[in-house]
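Participant: One structure coming up, written as structure tokens, with questions to follow.
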Amino acid sequence: MNARVDSQVLNQLSNRHLDALEEETIFILREVAAAFERPALLFSGGKDSLVMLKCAEKAFGAGRIPYPLLMIDTGHNFPEVTDFRDFRAKELGAELIVRSVEDSMARGTVRLAHPGESRNVHQSVTLLEAIEEFRFDALIGGARRDEEKARAKERIFSHRDSFGQWQPKAQRPELWTLFNTRLAPGEHFRVFPISNWTELDVWQYIEREQIALPSLYYAHPREVVERRGLLVPVTPLTPPKDGEAVQTRTVRFRTVGDITCTCPVESPAATAGEIVIETLAAEVSERGATRMDDKTSDASMEKRKKDGYF
């Protein structure tokens, strides 16, 4: 598709629905501030958390977001993303709390099966430790229902028991935007303000609002190897295996996370508008196309969420 056709498609693509999505997100962010004593906003520096942060800025104003930003760092995150996380938090004058899986490993609460094991799944332990440390009663995250079927089951205000566990059969319906905020001691909620957004909505919003993102989201040359239908980035943490051919491809990341389980996709898209066009034609969800940890089994995400994963 050439640039002229791309421009015509963008001009014809309506984004009026974004106003309703933004309004709902701002309402939820304000509801959390009103209903809970010690909420926090999970902020990784990724595109979904940056969209949510933009809505929080509109809801409360720069320098006035009434809850801290919380990052659970595996120690294996892309430096472009963590650097952007720090920059954006400082720019907004927001409090940033970072807790590390490596600290949990030092305490002995996280033990890897082997040195090369992905730390991604172990974020649950560090997250629950942070909840206990700060006594958070609500954590706001950027998960969306279109990402994965386990996420699609979840309510916007998702109850967690005193062990941080999610019980998918024990969720109250959310009719007429009446949200459940009742907690017993030791329990907390996970809240998903952009739950009803899609990947296309997110990119349309980024394009409309001119939201700055880490450079990884846009086309760039990178060494990769093909493995199990994915393009695995070649890094010290993910070296090529015997017999794998290293290639330099023009790629971008649809989602960013732990280096050991996050893969790019081949793409020439260098702007948010070009990514909107690509997303219109995408047949696989961003997690399905880029996350190695979600390919272990059909129920892998649901199991991790029951164990406390976000």
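Counting in this note's numbering, the sequence shown runs from 3 upward without gaps.
The beta carbon of each residue, even a glycine, is placed where N, CA and C say it ideally should be.
In this text, all values refer to a predicted model and were calculated from it rather than measured experimentally.
1. Anyone know if the C-beta pair for Gly-47 and Arg-87 falls short of 7 angstroms?
2. State the start and end residues of the unbroken beta strand (DSSP E) segment that holds Gln-249.
3. Label Asp-27 either buried or exposed according to how many other C-beta atoms from any shown protein chain fall within 10 Å of its C-beta, with 16 as the threshold for buried.
4. According to DSSP, is Glu-209 helix, strand or coil?
5. Which value, in whole angstroms, describes the spacing of the CA atoms of Gln-167 and Phe-191?
6. I need the boundaries of the beta strand (DSSP E) containing Glu-225, first residue and last residue.
7. Determine the burial state of Ala-154: buried for a count of at least 16 other Cβ atoms within 10 Å of its Cβ, exposed for fewer.
8. Which one of Leu-23, Glu-156 and Gly-95 has the shortest CA to CA distance from Gly-65?
9. If we call anything under 7 angstroms between Cβ atoms a contact, is Ala-272 one with Ala-221?
10. Among Gly-63, Val-193, Pro-235 and Arg-113, which one has its Cα closest to the Cα of Val-258?
11. Which same chain residues, not among the five before or five after Glu-246, have their C-beta less than 6 angstroms away from its C-beta?
12. Look at the alpha carbon of Glu-39 and the alpha carbon of Ala-186, and state the distance between them as a whole number of angstroms.
13. How many angstroms separate the CA atom of Ile-142 from the CA atom of Ala-115?
14. Could you give the uninterrupted runs of the alpha helix (DSSP H) lying entirely in the region 12 to 40, keeping only those of 4 residues or more?
15. Do Asp-260 and Gly-144 have their C-beta atoms closer together than 7 angstroms?
16. If you compare alpha carbons, which of Pro-41, Leu-52, Ala-22 and Gln-206 is closest to Asp-68?
17. Which whole-angstrom value describes the C-beta separation of Thr-281 and Pro-270, a residue pair presumed to lie in contact below a C-beta threshold of 8 angstroms?
Facilitator: According to the structure shown:
1. Taking 7 angstroms as the cut-off, the Cβ atoms of Gly-47 and Arg-87 count as close.
2. Unbroken beta strand (DSSP E) run through Gln-249: 249 to 254.
3. It is Thr, not Asp, that sits at residue 27 in the sequence shown. Counting the other CB atoms within 10 Å of its CB gives Thr-27 a total of 16 or more, which places it among the buried residues.
4. Correct three-state label for Glu-209: helix.
5. Going by the C-alpha atoms only, they are around 10 angstroms apart.
6. Run containing Glu-225: 222 to 229, per the beta strand (DSSP E) assignment.
7. Per the 10 Å Cβ criterion, exposed.
8. Cα-wise, what sits closest to Gly-65 is Gly-95.
9. In contact: Ala-272 and Ala-221 (Cβ atoms closer than 7 angstroms).
10. Nearest option by C-alpha distance: Pro-235.
11. Same-chain partners within the cutoff: Val-227.
12. When the Cα atoms are used, Glu-39 and Ala-186 turn out to be separated by approximately 13 angstroms.
13. Taking the straight line from one Cα to the other gives about 30 angstroms.
14. The region 12 to 40 contains these whole alpha helix (DSSP H) runs: 19 to 37.
15. Cβ atoms of Asp-260 and Gly-144: not closer than 7 angstroms.
16. In the sequence on display, residue 68 carries Pro and not Asp. Minimum Cα distance to Pro-68 is reached at Pro-41.
17. Contact between Thr-281 and Pro-270 is ruled out by a C-beta separation of about 14 angstroms, above the 8 angstroms threshold.
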